[in-house]
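Residue numbers (this note's numbering): 3 to 295. All C-beta atoms, glycine included, are put in the ideal place defined by N, C-alpha and C. Reviewing the structure listed below.
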């Protein structure tokens with residue numbers, strides 16, 4: 003497994019991860035600089051955007067959601083097991099680990115990794131805290147609309163089972179979707195295989211299993227909750243869907259179904275708990291999905 007170094011941040015694992023490295027850029031002539039600035043001012047960052055190291059474009063992760071935190075910072079969320087090394091489980095204030103849009107390396111960094119949770123010996127990431135926080139640069143525009151999924155806030159389950167990461171009392175967005183016999187909660191996911199949906203068949207401490215598939219490289223990618231009564235993605239609607247953010251792609255496991263996802267509740271609860279212990283220093287605390295189209 004690649005480890006975090008001065009120039010690298012994201013590492014490879016079973017669900018398809020990425021190494022992100024610093025890419026030097028030339029200054030160019032003044033006109034070229036002006037043109038580059040103009041391009042940066044209109045670049046959208048959205049769910050399902052793939053992120054990679056320019057030196058290894060075929061090893062990548064995916065963004066699960068973008069929005070803002072309680073401190074006004076623009077934030078993207080991906081998978082924690084994309085990282086590795088001594089900087090795990092701490093706030094990274096230095097711009098040491100840049101993140102690039104895999105489809106547009108020329109733009110330069112779209113942001114910088116600020117936090118990731120160590121896998122703690124597991125190739126599929128920490129059991130309940132498998133997430134990464136990226137602070138986005140001011141030049142990008144946040145968008146709730148990915149290639150197939152539009153995220154409408156984050157899922158809230160009043161009275162639901164609290165995330166194991168939650169303080170007491172847990173907020174509604176820190177409570178888990180049920181997977182019991184009389185529950186019919188479904189996830190809609192977006193990745194390299196297109197857009198899929200499937201019932202949550204198991205909820206183990208906020209790690210959801212579902213028949214909605216993913217593949218290597220989709221780690222960190224988006225999932226939304228299918229709001230009952232709303233259209234499913236289909237040819238008739240261009241395979242589009244919308245709903246509240248429900249989590250991110252985690253890994254493939256030896257189980258049935260093998261597709262697992264980290265709940266948004268686990269991520270939001272851990273962010274709030276860490277921020278309570280160290281106010282104003284936790285990137286992503288109070289994260290809310292952007293309402294920008």
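Asked, Found
"Classification of residue 125 by the beta-carbon crowding that lies within 10 angstroms, buried from 16 upward", "exposed"
"Range of the contiguous beta strand (DSSP E) that encloses residue 266", "Taken as a continuous stretch (DSSP letters only), residue 266 belongs to no beta strand (DSSP E), being part of the alpha helix (DSSP H) at 266 to 279."
"Where residue 93 falls: helix, strand or coil (DSSP)", "coil"
"Stretch pair the stretch 190 to 202 + the stretch 96 to 116: three plus CB contacts closer than 8 Å", "no"
"Residue 101 to residue 232 span [Cα, whole Å]", "35 Å"
"Those residues which DSSP pairs with residue 147 across a bridge", "152"
"Spatial distance of residue 47 from residue 80 (CA atoms)", "13 Å"
"Backbone CA spacing between residue 24 and residue 183 [nearest angstrom]", "With a pLDDT of only 28 at residue 24, under the threshold of 50, the placement of this residue in the model should not be trusted; the figure read from the coordinates follows. C-alpha separation (whole angstroms): 49 Å."
"Residues that residue 103 bridges to, as DSSP identifies them", "53"
"Through-space distance from residue 267 to residue 227, alpha-carbon basis", "12 Å"
"Residue burial classification, residue 256 (beta-carbon count within 10 angstroms, cutoff 16)", "exposed"
"Buried versus exposed, by CB contacts within 10 Å (16 or more), residue 53", "buried"
"Same chain only: Cβ atoms within 6 Å of residue 42, ignoring 5 sequence neighbours per side", "Confidence at residue 42 is low in this model, with a pLDDT of 47, below 50, so the placement of that residue should be treated as unreliable; the coordinate-derived value is given next. The answer, listed in chain order, is 141."
"Continuous beta strand (DSSP E) stretch holding residue 205: start and end", "196 to 206"
"DSSP beta-bridge partners of residue 212", "202 and 261"
"Sub-8 Å separation of residue 158 and residue 175 beta-carbons", "yes"
"Residue 286 to residue 168 span [Cα, whole Å]", "15 Å"
"Own chain partners of residue 34 with C-beta closer than 7 Å, once the 5 adjacent residues on each side are dropped", "Model confidence at residue 34 stands at a pLDDT of 48, short of 50, so the residue's coordinates are unreliable; what they give is reported in the following sentence. Excluding residues within five positions, none has a Cβ falling inside 7 Å."
"Cβ-based neighbour list, residue 111, same chain, cut-off 7 Å, excluding 5 preceding and 5 following", "100, 101, 102 and 139"
"Inter-residue CB distance, residue 249 and residue 210 (contact presumed, cutoff 8 Å)", "6 Å"
"When 221, 69 and 207 are compared against residue 133, the one with the closest alpha-carbon", "221"
"Assumed close pair residue 149, residue 203 - CB separation to whole angstroms, cut-off 8 Å", "At roughly 26 Å, the Cβ-Cβ gap does not stay under 8 Å, so residue 149 and residue 203 are not in contact."
"Beta bridge counterpart(s) of residue 134 as assigned by DSSP", "80 and 118"
"Distance, residue 178 Cα to residue 160 Cα", "9 Å"
"Beta-carbon spacing of residue 284, residue 153 below 8 Å", "no"
"Contact set for residue 120: own chain, Cβ-Cβ below 7 Å, skip 5 residues either direction", "90, 91 and 128"
"Residue 67, DSSP secondary structure in three states", "strand"
"Residue interval of the beta strand (DSSP E) (run including residue 178)", "Run containing residue 178: none; DSSP gives neither H nor E here."
"Exposure label - residue 172; buried when at least 16 CB within 10 Å", "buried"
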